[in-house]
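The structure appears below as structure tokens.
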Amino acid sequence: MIKPGKMLREVLTSFFQKPATVLYPYVKVLMPDRFRGKIRFLATLCIGCKLCMRDCPTNCITITKVGDKRFQAEFDLDQCIYCAQCVDSCPKKALESTADYELAQLQRNKLKMIYHAEPPPPQAAAPIE
Amino acid sequence: MANFKIPIGPQHPALKEPESFTITLNGETIIEMDMRLGYNHRGIEKACEERSYIQAMYLVERVCGICSHSHSTCFIQAVEEIAGLAIPARAQYIRTIIAELERIHSHLLWLGVAGHEIGFDTLLMYSWRDREVVMDTLAALTGNRVNYGINTIGGVRRDISKEHLAGLLKTMDILEERTKYYIEVASEEITLIQRLSGVGFISHEDTVMLGAVGPTARASGVDRDIRRDDPYLAYKDIEFQVITDTHNDVYGRTLVRVGELMQCYSMIRQLVAKIPEGPVTVKAPRKIPAGEAFSRYEAPRGEDVHYVKANGTDKAERVKIRAPTLANLQSVARMMENNRLADVPIIIAAIDPCFSCTDRMIRINDTAGRRKETISWQALRTHSLEWYRKQGVDFKDLNAKMRQRMKA
Amino acid sequence: MAWSLFNLLIFPGFLFLFVFGLAMEFVDRKLYARLQNRIGPPWFQPFADFVKLAAKEDIIPEEADSVMFRLMPAFALASVVTAFFYIPLWSTQSLFSFNGDLIVVIYLLTIPTLTFFLAGWHSTSLFSMIGATRTLTQLFAYEVPLFMAILAPALLAGTWSLSEMTVFYDQHPAYAAFNIIGLIVSLIALQGKLERVPFDIPEAETEIVGGTFTEYSGRFLAMFRIAIDIEAVVGASLIAAVFLPFGLGLGAAWGFVFYLVKVLAVIALLALLRTVLARLRIEQMVIFCWRIVAPAALFQLLINLILSGVLRP
Ligand code: SF4
Ligand code: SF4
Chain Z
0 MIKPGKMLRE
10 VLTSFFQKPA
20 TVLYPYVKVL
30 MPDRFRGKIR
40 FLATLCIGCK
50 LCMRDCPTNC
60 ITITKVGDKR
70 FQAEFDLDQC
80 IYCAQCVDSC
90 PKKALESTAD
100 YELAQLQRNK
110 LKMIYHAEPP
120 PPQAAAPIE
Chain W
0 MANFKIPIGP
10 QHPALKEPES
20 FTITLNGETI
30 IEMDMRLGYN
40 HRGIEKACEE
50 RSYIQAMYLV
60 ERVCGICSHS
70 HSTCFIQAVE
80 EIAGLAIPAR
90 AQYIRTIIAE
100 LERIHSHLLW
110 LGVAGHEIGF
120 DTLLMYSWRD
130 REVVMDTLAA
140 LTGNRVNYGI
150 NTIGGVRRDI
160 SKEHLAGLLK
170 TMDILEERTK
180 YYIEVASEEI
190 TLIQRLSGVG
200 FISHEDTVML
210 GAVGPTARAS
220 GVDRDIRRDD
230 PYLAYKDIEF
240 QVITDTHNDV
250 YGRTLVRVGE
260 LMQCYSMIRQ
270 LVAKIPEGPV
280 TVKAPRKIPA
290 GEAFSRYEAP
300 RGEDVHYVKA
310 NGTDKAERVK
320 IRAPTLANLQ
330 SVARMMENNR
340 LADVPIIIAA
350 IDPCFSCTDR
360 MIRINDTAGR
370 RKETISWQAL
380 RTHSLEWYRK
390 QGVDFKDLNA
400 KMRQRMKA
Chain E
0 MAWSLFNLLI
10 FPGFLFLFVF
20 GLAMEFVDRK
30 LYARLQNRIG
40 PPWFQPFADF
50 VKLAAKEDII
60 PEEADSVMFR
70 LMPAFALASV
80 VTAFFYIPLW
90 STQSLFSFNG
100 DLIVVIYLLT
110 IPTLTFFLAG
120 WHSTSLFSMI
130 GATRTLTQLF
140 AYEVPLFMAI
150 LAPALLAGTW
160 SLSEMTVFYD
170 QHPAYAAFNI
180 IGLIVSLIAL
190 QGKLERVPFD
200 IPEAETEIVG
210 GTFTEYSGRF
220 LAMFRIAIDI
230 EAVVGASLIA
240 AVFLPFGLGL
250 GAAWGFVFYL
260 VKVLAVIALL
270 ALLRTVLARL
280 RIEQMVIFCW
290 RIVAPAALFQ
300 LLINLILSGV
310 LRP
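Protein chains in written order, with numbering that gives the first Met the number 0: chain Z, 0 to 128; chain W, 0 to 407; chain E, 0 to 312.
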């Protein structure tokens, strides 16, 4: 039957329902496990193959050698598209996605994220494994 | 009242993306419409030539914010065809599931936008609230709400677990119930029907002639759907109906979309039931052998077409994207004729336009350094007709011929 | 003298109306949101919006008629506030009254619409001019039914003064039941007057940007906004006075409570109306008004004519 106010009942019932609005900054929204958020770099695992750099669509990741078998990673968070291709490309699982999505910053330089390499092992001669 | 022109866009509250429509009005009645595209040109095709295939895939995914999976799948299909890769069946099913989820989210989004354009914000709020369910499902399956990034050359990047599949079925039940309600609203609420029916009329013949695609065409009785006509992914394994309608107006387009929603739910149920076990990727080479491929995909908005030419390196030689909106825009001008100013937003919205997907550019450089001149549109048309006639193709009276063909 | 000034400016005059108008805007917005399953704005949002707008720069288009552009918001505001003084609120006595004030109130309530038209027209932007013509077209459609619907109870009461009308209905409350069609008609017309869905055709932001108010900004827009808020309250009070004359003889305190309930009820009904309907096209609106609303109002008039003949020979 064609009539005005078809949604009337739905509308009135939702008046007594809990609003669907999420009070976001006050109530945190949790992301699912597989969420591709900020990338974390595990310096100890990196072997410096730079496969991640080659596959990154936005060239926002830079791996530099800072010492013997020690690498640091630099991310431009404002360029990263959080596709996690680098995570897939890395042969050593030195990169991983986190659920961190609150990445906005007021200053641009804060968007540059540097993961420093581990400090050099105490005895220079000690073999690593 | 004399005729006057009003600009809708490039910046206008009804348009979510910049595009310019100049509308000639007589009082409230539209006499004609002029369109200018290109405010959103991003140079994606060119940029694809400078990136490796895997990088280009992420770029292509970002052609459209809503049908991101459509574009990336369409592109990847072409690449895989050139490379001669057969992707595992499970990967195909996963791609299909994501594709249908994307269609659900796109159509629910459209329903809300349509409601908003006719001043029915309640519909917008409800349908977008329900759309959140699909968005969350997509995020759980793929890792993101919008750019899913599930594809990779040779398969998909993530498998779908059993729990996820079970959850998916539950989601379908919720959404199906909601969609049934919207169908009821669409067929009973008088103000909605008043605003939609008879608006943006385009005849079946014109639709065919102007080459409209997707729900826009199907609402004018054009029974065309790539999923059935040229099956890709897992569509040949499942049963579904192609929804068509003969209202030929915005109301028909609404009915087609909600009808397709109902089909999506049944398709996803079938996919979940039939999904085979097995690996989700095969090893893909970095360098794609020389060759070219053309790939078609039924995006939520209509047929999406990608053309990829490979030259044996790890970068594409040429990528060409034809987003569905480009095919549909032509028909908008026809739909506008004799409608009211008040209907402009809903008519434009009814093709579910995605302008930034559409904007491409062609620039011809005269490398020989010959004389430059500006030719008028009409002269260019005559020139090209002449040029093709010399090649043995007669495009003159194309429209008349088309009509004749269609009658026969 | 001082007392009248107090009445005019503070209570129940301008300041009261200002606060009441904003409060009712909040009620309307909150209700609208809750009906759509949203949370809606906090209670001070309308006031915050007002302050924000008032603090912003006023931009007057070069092409616009600057005098008219500036004057119109003040006109709109002044006319709605004036109308309020002639409406009996929580007793049978309004602040000012004379025989025929009913007509004056209806006319005063027409002035804001005319100022919208003039404001839009003198902005000289295409969108505001289209909005302006739509405002006027719409005015012709709902004004006549509104007029008839409000005159009908007056006919039954046999007076042209709002105060005397309420006295009459206070003595014979049962008669108010006859005016039910008029009540519905005037609710619809009020929605049109306030230019809200389904009759927000003159401002339809998806079609003509902001319609009449496209070029307005800053203080002038704030003034228009507050005028519309107050118009909603005044319109609701008028409907309450004419169609719902209950609880007026119970003294100021109870009268005030009743008054609040009545206005709230009207505002809630209008909010509900705009939640469940889509915006009409201008020609659909005109057809709807002339085919359905106007005959209904006429019918009401007829009923009351016959009734007054029967009841007061
Ligand atoms: S997530 Fe994507 S864009 Fe970001 S660093 Fe990794 S590969 Fe590059
Ligand atoms: S791919 Fe992994 S191991 Fe190689 S450089 Fe990058 S982070 Fe290090």
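Each residue gets a CB set at the ideal place from its N, CA and C atoms; glycine is no exception.
Since the model is a prediction, treat every value here as computed from it, not as a measurement.
Helix, strand or coil for residue i per DSSP?
{"i": "residue 249 of chain E", "result": "coil"}
{"i": "residue 411 of chain W", "result": "The question about residue 411 of chain W has no answer here: the residues shown for chain W are numbered 0 through 407."}
{"i": "residue 24 of chain W", "result": "strand"}
{"i": "residue 281 of chain E", "result": "helix"}
{"i": "residue 30 of chain W", "result": "strand"}
{"i": "residue 271 of chain W", "result": "helix"}
{"i": "residue 49 of chain E", "result": "helix"}
{"i": "residue 181 of chain E", "result": "helix"}
{"i": "residue 169 of chain W", "result": "helix"}
{"i": "residue 43 of chain W", "result": "helix"}
{"i": "residue 31 of chain Z", "result": "coil"}
{"i": "residue 305 of chain W", "result": "strand"}
{"i": "residue 243 of chain W", "result": "coil"}
{"i": "residue 222 of chain W", "result": "coil"}
{"i": "residue 94 of chain Z", "result": "strand"}
{"i": "residue 125 of chain Z", "result": "Caution applies to residue 125 of chain Z, whose pLDDT of 47 falls short of 50 and renders its modelled position unreliable; the value that the coordinates give is listed next. Correct three-state label for residue 125 of chain Z: coil."}
Please say whether residue j and residue i have beta carbons closer to each other than 8 Å?
{"i": "residue 73 of chain Z", "j": "residue 39 of chain Z", "result": "no"}
{"i": "residue 320 of chain W", "j": "residue 250 of chain W", "result": "no"}
{"i": "residue 89 of chain E", "j": "residue 257 of chain E", "result": "yes"}
{"i": "residue 218 of chain W", "j": "residue 194 of chain W", "result": "no"}
{"i": "residue 110 of chain W", "j": "residue 256 of chain W", "result": "yes"}
{"i": "residue 348 of chain W", "j": "residue 185 of chain W", "result": "no"}
{"i": "residue 326 of chain W", "j": "residue 291 of chain W", "result": "no"}
{"i": "residue 98 of chain W", "j": "residue 31 of chain Z", "result": "no"}
{"i": "residue 8 of chain Z", "j": "residue 148 of chain W", "result": "no"}
Let's test the definition: count the other Cβ atoms within 10 Å of the Cβ of residue i and tell me whether it reaches 16, buried, or not, exposed.
{"i": "residue 59 of chain W", "result": "buried"}
{"i": "residue 33 of chain W", "result": "exposed"}
{"i": "residue 350 of chain W", "result": "buried"}
{"i": "residue 10 of chain W", "result": "exposed"}
{"i": "residue 324 of chain E", "result": "In the structure as shown, chain E starts at 0 and stops at 312, and residue 324 of chain E therefore has no counterpart that could be examined."}
{"i": "residue 273 of chain W", "result": "exposed"}
{"i": "residue 29 of chain E", "result": "buried"}
{"i": "residue 79 of chain W", "result": "buried"}
{"i": "residue 355 of chain W", "result": "buried"}
{"i": "residue 65 of chain E", "result": "exposed"}
{"i": "residue 24 of chain Z", "result": "exposed"}
{"i": "residue 160 of chain W", "result": "exposed"}
{"i": "residue 126 of chain Z", "result": "In this prediction, residue 126 of chain Z has a pLDDT of 49, which is less than 50 and means its spatial position is unreliable; what the coordinates show is noted afterwards. The residue in question, residue 126 of chain Z, is exposed, as its Cβ has fewer than 16 Cβ neighbours within 10 Å."}
With a threshold of 7 Å, establish whether the CB of residue i neighbours any heavy atom of ligand 1.
{"i": "residue 55 of chain Z", "result": "yes"}
{"i": "residue 293 of chain W", "result": "no"}
{"i": "residue 83 of chain Z", "result": "yes"}
{"i": "residue 38 of chain Z", "result": "yes"}
{"i": "residue 79 of chain Z", "result": "yes"}
{"i": "residue 74 of chain Z", "result": "yes"}
{"i": "residue 60 of chain Z", "result": "yes"}
For ligand 2, is there any heavy atom lying closer than 7 Å to the beta carbon of residue i?
{"i": "residue 68 of chain Z", "result": "no"}
{"i": "residue 71 of chain W", "result": "no"}
{"i": "residue 132 of chain Z", "result": "For residue 132 of chain Z there is no data in the structure shown, the boundaries of chain Z being 0 and 128."}
{"i": "residue 50 of chain Z", "result": "yes"}
{"i": "residue 31 of chain Z", "result": "no"}
{"i": "residue 51 of chain W", "result": "no"}
{"i": "residue 116 of chain Z", "result": "no"}
Are any of the Cβ atoms in chain C nearer than 8 Å to that of residue i?
{"i": "residue 199 of chain E", "result": "Here chain C cannot be found, since the structure's protein chains are Z, W and E."}
Worksheet entry | Any 3 or more C-beta pairs closer than 8 Å across the stretch 190-205 of chain W and the stretch 54-71 of chain W | no
Worksheet entry | Segment contact flag, the stretch 178-185 of chain W with the stretch 154-169 of chain W, C-beta cutoff 8 Å, min 3 pairs | no
Worksheet item: Counting pairs of beta carbons, one from the stretch 191-208 of chain E and one from the stretch 273-284 of chain E, are three or more of them closer than 8 Å?
Response: yes
Worksheet item: Are the stretch 115-130 of chain E and the stretch 54-64 of chain E touching, with three or more C-beta to C-beta distances below 8 Å?
Response: yes
Item to complete: Could you tell me whether the stretch 223-234 of chain E touches the stretch 29-48 of chain W, using the rule of 3 or more Cβ pairs below 8 Å?
Response: no
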